[in-house]
Amino acid sequence: MLNEVLFYILSALILVSALVLISARRPIDAALSFIVTLVSIAALFALQGSSFLFATQIIIYAGAILALILFIIMFLNIQDKNLPDEPHKKRDITFSTLAVLPFTVVLISLINKSPLVDQALPYDLFGGIKDIGSVIFNDYLLVFELISILLLVSLIGAVSLAKEDKDVK
Amino acid sequence: MLSNYLTLSVILFSIGIIGVLSRKNIIVIYMSIELLLNAVNISLVAISNTLQSNEGQVIVLMIIAIAAAEAALFMALFVVLFRNKRSLDADIFNLLGEKNAS
Amino acid sequence: MFGLPAIIIILAVPVFTALFILLLGTTKYYSKKIGYRLTVITLLILVYLLSADLSTAHSTLLFKELFNEMLIYDTYSTLFILLFILGTFLSLSIGKSYIYKSDIFTPESFSLILFSLFGMILLAMTNELLSAFIALEIASLSVYVLVGIHHHSLRASEAFFKYLLLGSFAGSFYLLGLMLIYAQVGSTHFNQIAMFMYTHPISEIYLIVAGGLLLMITIMFKIAAMPFGAWVLDVYEGASLPITAFMAGTFKIAIFAIALRLFIGIFAQIKDFYDPLIVASAILTLVSGSLLAMVQTNIKRMLAASSIVHSGYLLIGLSSIGEIGTYATQSILFYLIAYFISATGALGILAYISNGVEKEISYDSLKGLGRQHPFLSAALTVFMLSLAGFPSTIGFLGKFYIFTSAIEAGYTLLALLGILAAFVSIYYYFKVISMLYFYEAEGEKVVYGEAYSFLFIMLSSVAVLWGGIGTGLVSFMPGANAITDITHLVIESLYIFSN
Amino acid sequence: MPLDILLNILLLAPFFSALFIAIIALAQPSSPKIIYSILAIFAPLLSAFLALILIYENYFNGIDIHSEIFTWLSVSAFHIPFSLHLDALSSLMLLFVAPVGFLIHVYALGYMKDDSSYPRFFALFNLFMFFMFLLVLGDNPIMMFLGWEGVGLSSYALISFYYEDAKNVAAGNKAFILNRIGDFGFLSALMLLFISIGEYGFSFSTIELHLHEMSAERINLIAALLFVGAMGKSAQFPLYVWLPDAMAGPTPVSALIHAATMVTAGVYMLARFSDLYAMSESVSLFIAYIGAFSALIAALMASREFDIKKILAYSTMSQLGYMFMAEGLGAYSFAIFHVFTHAFFKALLFMGAGAIIMSLHHEQDIRKMGGLRKSLPMLFIMMLIASLSISAIAPLNGFFSKDAIMGHIFASDAYIIYGIALFTSILTAFYMFRMLFFVFYGEEKIKAVAVSKTMIIPIALLAVGVILSGFLNVPSSFGGSESISIWLNLPDIREFLDHTTEFTLIGLNTFFIFVAIFVAYLKYGSATATREDVDKYRYQKIISNKFYIDELYHILFVKPLYKMSKGFDVYINHKIIDSSIHRTIALYYYIASYYRLIYDGSVRLYALFMVFGLSGLFIYLYFALEAM
C-alpha cells in the first residue's frame, strides 16, 4: 500500500517537473526541473528495489549528463537575449498536445486491455550490482561490446565537430 | 501494478513529444528527447521487476549509455550551432528548406 | 561452422583499421592519401573474403554461447554485408576526386565511415532487438557526424542538426516499441518474439502489435518514407556529395536489411495489420516525392527527392510480402541492388563534376556537358535512365519485378500509382539528359581529375547496363539472372533452422 | 572447346567488333584507319571460320548444336530463353551468310577506303552481321524477330548512310516503313501463335510439335500474316517498292547486303515454318502466285531500267519470286538451295557492278558505259559467269537450283505458274545480257580506272563459288544424290518427272535462253546495234515507269495518310493532347508549388509530421483491433 502511495507521489513529481521542463523559458530552469524528474525516476527505481540502477541514474544522468548540460549552458554563456522569442508557446503546446493525444490515449487503452494489467510488482530487493553484472557478461556481452564502440564513435564525433581546426588542411 | 508504470511511461513519453514539438530552444528540445528515453526506462525496470529477471535492467543500462552517446553529440551540436549563429533557436536554421531552394 | 574465420575478420577489420587511421591521424606520418588508401584496401580485402559465401544457402549462429544467440550469419546477411562494403567502396572510389580536392575529409571521417560500415554489418547479422538498435545507432551516429563534419559550413551544420535531432527523436520510438514488446514477451530475441506470437491469440499480443508499429516508425524514418522522411531533402543537400552518395546508396540498404528480417521473420503473422499502413505510406511517399522532385532546380535536391520516390517503390514491394512471400522479397532485394548502383553512380558523378567544391549543381550547369565530356554524360544518362526505369537498364528490371509482385499480391492500383510515379519521374530525370545534349555549353571545358574515379563511374554504368540485359554470356560476370539466383539463396537461408 | 561456346562466339564476334569500333571512334576520332580495318575484318573472319567448323560438324556428324545463353524473360509461366540452335537449315544459311559476309567486308575495305565515315560504316556493317546471325540462329520466333528487326534497323542506317542527301534519307525511310508493314504481319502472326500454343514453350521445335492443336482457319491466318512479313522483307509484290530505292546506300556494298543477304530472310522464315505451310495449302498456292507475279513484273522492269544497281535489284526481286514459287508449291529445300546459289552469283554481280561504278567515277547509268571488255577483262569474265549462272546455263550453280524449281513447278501441274516462270527465265537472260552488252561492248565512253586488288580477289573467290556450289545438290536425273535436300530434311512435296520430260524441259528452256541472249546481242551488243532504248510503244512506257506503282501508292496511301496526319497533328495533337499535357504539367507545378511550402526547412515542422504519422498509425491500430 505504502508502495502504491509512494508511486503516485513520485509519478506526480515526475510529471509536474516534466511539464515545467517543457514550458520553462530559460534553459537553466528547464535543466533544474529536469534534475527533479531524473531524481524522482531514480527514486522510483529505488522503490522497486533496483539499487544499482538507482545509483546509475543518479550518477550518470543527474550527475554527468545534466552537469554537462549545465556546463554547456554556462560555457556558451547564453544570455537572455540569445534566447529565441516564443510568442506562440502556449498555442504550440496546445496544438502539439492535440497532435499527440490519439497516440497517448490509444496506447494507454491498449495497455489496459493487455493481460499485463493486473500483474503486481513484487517490490523485492533485486537487481543488485552482482546480478546485473552477471547478466551483462553472460547474456548481453555483444550489446556491451557494441555500446563501447558506440561511445567511441560519439566521442570521435563530438571531438571532431567541436574542436577548433588547426590541423585540418 | 505494472499497468500504472506503463501508463506513467506513456504519459511522460507524450510530454516529451510535446516538448520536442512546441519549443524552439534546442537545449530544451534535447532535454525533451532525454525525457523520452527516461520514460522508456521507467517501464523497463518495472517489467524487469515483475518478471524477476535482470534483463530489463541491463537494457536500461544500455539505454542510459546510448543517451550518453547522443548527449555527447548534442553538446557538440550546441557548440557548433552557437558558434555559427549565436543562437539556439531551432527555427532560424532553415537555410536548406524549400523556402530557400529556389 | 560456415565461413567462420572470414566473418570474424570482417567484424574485426573495419574497427581495427578505423582505430589505426585515428591513431595515425595524430602523428605526422598521416596524410589524406594514406587514410584513403587504407580505407579502400580494407574494403577490398573484405569483399574478397566474403564473396565466396554467397554461393550457398547457409545459416549459422555466430558464437552461440558467447553472444547468447544474438548474431546470425546467413546468406541473407552475407548479401547485405557485401552490398554495404561494395557501396562504401563505390562511394569512396567515385568520390576520390572530391575527397582529395576538398579539405573536409579528416582522418576522423575515414574512421567514421568504417565505423558506420561496422554498424551496418552488425545490423544485417543481428537477431535481437536491442543489439539491432545499437548497431543502427553506431551506423547512424557516424553518419550524423559525417554529415556535419564540415562544421564551418552553415549548411552542413544545419543538416547535422536536423538529422541528429530528428534521428534521436525517431530512435526513441524504437526504444518505446522495444519496451512494449519486452513487456509482453519478456525477451528481445527475434525467435522468441515470433514463438510468443505463434503460441498466443491475437487478443494477448496487442502490445506487440503496437510495439511493432513503433519499430516501423523508426525504419520508415530512416528510409525516408512519408510522413517520416521530411528530413531527406535538407540533409542530403547539406551533406557533402560523397557522403550523400554513401547515405543514399548504402545506408538506405542497411535499413532494409533489418526491416526485411523483421517483416519476414517476426511480424509475418501480424503483417496483415501493417499492410494498409505500408500501402498508405507508400502512396504518400510516391506522391510527395514526385511532387517535390519535379520542382527542384538543384540536381542534388532533385536526386534527394527522387530517392523518396524510390523508397515508395520499395514500400510497394514491402506491402506485397505478406501475400506472396518470397517473390516480393526477391523483388525488393533486386530493386535494392539496382538502386544502390544507380544512385551511387549518379551522386558520384555530381561529386566528380563539382570538383571538390561545395557548390550548387543546377540543371543549367550541366548544359553542353554531352559535347565536352561524352563518356561522363553517357554514364550520367545511363544512371538517369536506370533510375527512371528504362528498359535495358537494371532499374527497369527492378521496377518490373516490384510492380509485378504488387500486381500478383492484388495491389493493382498501387502498382498503377507506382507506374504513374515512374512516368512522372521521366520528366525530371530526362530534364537532366536534355540539359546534357540539347544545349550549348556555357562555360569553358573543365578538366576533371582522378582517372580512378572516372574508371569507377564507367564501371558502374556498365554494370547498370549489364544487369539490365541480364546475361550469363560470360560466365564470370554475373548478370541479372545471377542476381535473381542469389536472391533466391538469400531467402532460402532465412528459413534454414539454425542450430 | 564445346561447340555451343563456338556458336556463341560466332554470334557475338561481329557485335563486339561493332561495339569496339563505335567506342574507339567516339573516344579517339583521329585513330588510324588500320585499327578499324583490323577490327572490322577480324570478326567476320572468325565467324566465317567458326561457321565452317560448325557446319562440318552438323553435316558430317549430324550434330544439332543448341546453346542456351540466358533466360531473357521469365515471368511466372511466360518463359523466353535467349538461345541459339544450329540445325541443317540454319547451317545452310550460315554457309553463305558467313563466308559471303566476310568477302563483302574485304571488298568494302577497298571500296570505302576514302570515305570519311569509315568507322561508322563498319560498325553498322558488323552490327548487321550480328543481327543476321541472330535471325538465322535464333531458337524461337521471338529471337528471330529480334534479328529480323535488327537487320531492318541496320539496313535502314546503311541506306541512309549518306544522310547529307535528303533523297537517301527518304529511301531509308521508305524501306523502313514498308518493312514495318511487313513486321506488323509478322508480329501479329507471332502473337496469334503464342496465344494459341505458347503455353508449351515457344521454341521452333515445340511449336512444330503442337501445330496440329490449332484449327485450320487459325493456321491459315497465321500463315498469311507470316507471309505478309516475308513480303516486306523479301520485296514481293506489293511491298517491293523499297528495294530499288534502297540502292541509295554506299554503292554497292549496302545494296549487296540487302540484295544478297537480308532479303532472303523471308524465304528462310517460310522454310522455318514449313510445317505450318505444309498444313495450309490455299495460302501456299497464293504465295506461289504472288511469287510468280513478282518475278514477272520485276523481270519486265529490269529489262527497261538503265541504272546498273537497280537492274540487279529487280533481278533479285525476280529471283526471290522463284523461291516463293517453289515454297508455295512445297519445294522448300529447292527454294533454300536457290537462296544459297543466288547469294553467290548475286554477290558476284553486285561486287562486279560496284567495281565498274568505282572505276568509272561513280557512274551508274549503263547508257554512259561501254567497251569495258578491253580495259577490265577479268571483271568481264566474272560478270559473264554470273550472268550465265543467273540465266540458268549448265553447269553453273544457277542452273541446278533454278532448274530444280522449274521442274518441280511443272511436275506439280501448275502450268500457269510454269508459263510465267519460263517467260521470266527468258526475260532474265535478256535483261542480264542487255546489261552486259551495254557495259562491256560498244565503244568506250569513259576511261576506266584500274580496280584495286582487295576488290578483285573477293570477286574471283565468289566466281569459284558460282562454278562449284551447284554441284552440292545435283538432281537424280543427272546421277546426283540431292545431298542438300536430304540434309535439310524439310517437309517437301516431292513430285518426280520422268527423265525424258525433264530433259525436254531443260532443253526447251536452254534453247529459249540462248535465243534471248542472241536477241540481246543483236539489239545491244553487235557492231550494228543502235544501243538506244527509247520508249517507242505504250507498253514500254508503262514498264519504264515501273507500272506507275510508286505513283499509285502515292495517291492511294501517302497522300491521304499525309492529310490525315496533318489533321491529327493540328486538331488532335496540338489542340487536345499537347495542350492537355501542358495543362497537366502546369497543374502539377501549381500543386507542387504549394505542397513544397510545408517543407520550409523548419525542423519542428518535420517533427510534427512524424507525430501526425504516429498518431495516424495509432488511430488506425485502434480501429483495426476493434474490428478484430
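Protein chains in written order, with this note's numbering: chain A, 1 to 169; chain B, 170 to 271; chain C, 272 to 770; chain D, 771 to 1398. Every residue gets a Cβ at the ideal spot worked out from N, C-alpha and C, and that includes glycine.
Note that the C-beta distance between isoleucine 72 of chain A and methionine 244 of chain B is below 7 angstroms.
Residue pairing by DSSP puts glutamate 838 of chain D in a beta bridge opposite D:Ser853. A residue is called buried when at least 16 other Cβ atoms come within 10 angstroms of its Cβ; threonine 327 of chain C does not meet this threshold and is exposed. Nearest CB-CB separation between serine 160 of chain A and chain C: below the 7 angstroms threshold. Assignment of histidine 460 of chain C by DSSP, reduced to helix, strand and coil, places it in the strand class. Just measuring C-alpha positions, the residue of D:Ile992, D:Arg890, D:Asp1015 and D:Gly1371 sitting nearest isoleucine 791 of chain D is D:Arg890. For the set D:Tyr1291, D:Ser975, D:Ala1181 and D:Gln798, the Cα lying nearest the Cα of aspartate 1268 of chain D is the one of D:Ala1181.
Following the DSSP letters along the chain, one finds isoleucine 1081 of chain D inside the alpha helix (DSSP H) bounded by residues 1078 to 1098. No Cβ-Cβ contact shorter than 7 angstroms links alanine 427 of chain C with glycine 438 of chain C. Assignment of glutamate 978 of chain D by DSSP, reduced to helix, strand and coil, places it in the helix class. Between the beta-carbon of alanine 993 of chain D and that of serine 1044 of chain D there is about 11 angstroms, and that puts the pair past the 8 angstroms contact cut. Contact annotation for valine 189 of chain B against chain D: Ala1377 [CB-CB distance below 7 angstroms, chain order].
The Cβ atoms of tyrosine 719 of chain C and tyrosine 623 of chain C sit closer than 7 angstroms to each other. For the segment 132 to 144 of chain A, the beta-carbon criterion of a distance under 9 angstroms to any beta-carbon of chain B is satisfied by Ile132, Ser134, Val135, Ile136, Asp139, Tyr140, Val143 and Phe144. When C-beta distances to chain B are compared with 8 angstroms, every residue of the segment 522 to 553 of chain C stays at or above that value. Burial state of serine 1052 of chain D is exposed, judged by a 10 Å Cβ sphere holding fewer than 16 other Cβ atoms. Contact annotation: in the segment 1351 to 1380 of chain D, residues whose CB is within less than 7 angstroms of a CB in chain C are Tyr1358, Tyr1359, Ile1361, Ala1362, Ser1363, Tyr1365, Arg1366, Tyr1369, Gly1371, Val1373, Tyr1376, Ala1377, Phe1379 and Met1380. Burial of lysine 571 of chain C is indicated by the presence of at least 16 other C-beta atoms within 10 angstroms of its C-beta. Exclusion of the five residues before and after glycine 1036 of chain D leaves Ala1000, Lys1003 and Ser1004 as the residues of its chain whose Cβ lies within less than 6 angstroms of its Cβ. If you compare the alpha carbons of D:Ile1190, D:Phe1207 and D:Leu1275 with that of isoleucine 1151 of chain D, the shortest gap goes to D:Phe1207. The DSSP-derived three-state label of threonine 331 of chain C is strand.
Nearest C-alpha to threonine 675 of chain C among C:Leu736, C:Val761 and C:Ser591: C:Ser591. As computed with DSSP, glutamate 1214 of chain D is found in no beta bridge at all.
In the same chain as phenylalanine 701 of chain C, and ignoring 5 residues on each side of it, the C-beta atoms closer than 8 angstroms to its own belong to Met655 and Ala659, in chain order.
Methionine 984 of chain D and leucine 991 of chain D have their C-alpha atoms some 11 angstroms from each other. Alanine 501 of chain C belongs to the set of residues whose beta carbon lies under 7 angstroms from a beta carbon in chain D.
For aspartate 345 of chain C, the uninterrupted beta strand (DSSP E) segment begins and ends at 342 to 345. With a 10 Å radius around the Cβ and a threshold of 16 neighbouring Cβ atoms, tyrosine 1010 of chain D comes out buried. Closest option to valine 1381 of chain D, judged by alpha-carbon separation, among B:Leu171, B:Asn173 and B:Leu190: B:Leu190. The alpha-carbon separation between threonine 37 of chain A and asparagine 194 of chain B amounts to approximately 19 angstroms.
In the structure shown, asparagine 194 of chain B adopts extended strand secondary structure according to DSSP, grouped into three states. If the five residues before and after glutamate 838 of chain D are omitted, its C-beta is found closer than 7 angstroms to the C-beta atoms of Pro851 and Ser853, all from its own chain and listed in chain order. Distance from the Cα of aspartate 1135 of chain D is smallest, within the candidate group D:Ala1016, D:Ile1216, D:Phe956 and D:Phe964, for D:Ile1216. Sequence-distant Cβ neighbours of threonine 349 of chain C in its own chain, meaning closer than 7 angstroms and more than five residues away, are Leu321, Asp324 and Leu325. Closer than 7 angstroms to the CB of lysine 193 of chain B there is at least one CB belonging to chain A.
Pairwise C-beta distances place the segment 221 to 235 of chain B in contact with the segment 131 to 143 of chain A, as three or more of them are shorter than 8 angstroms.
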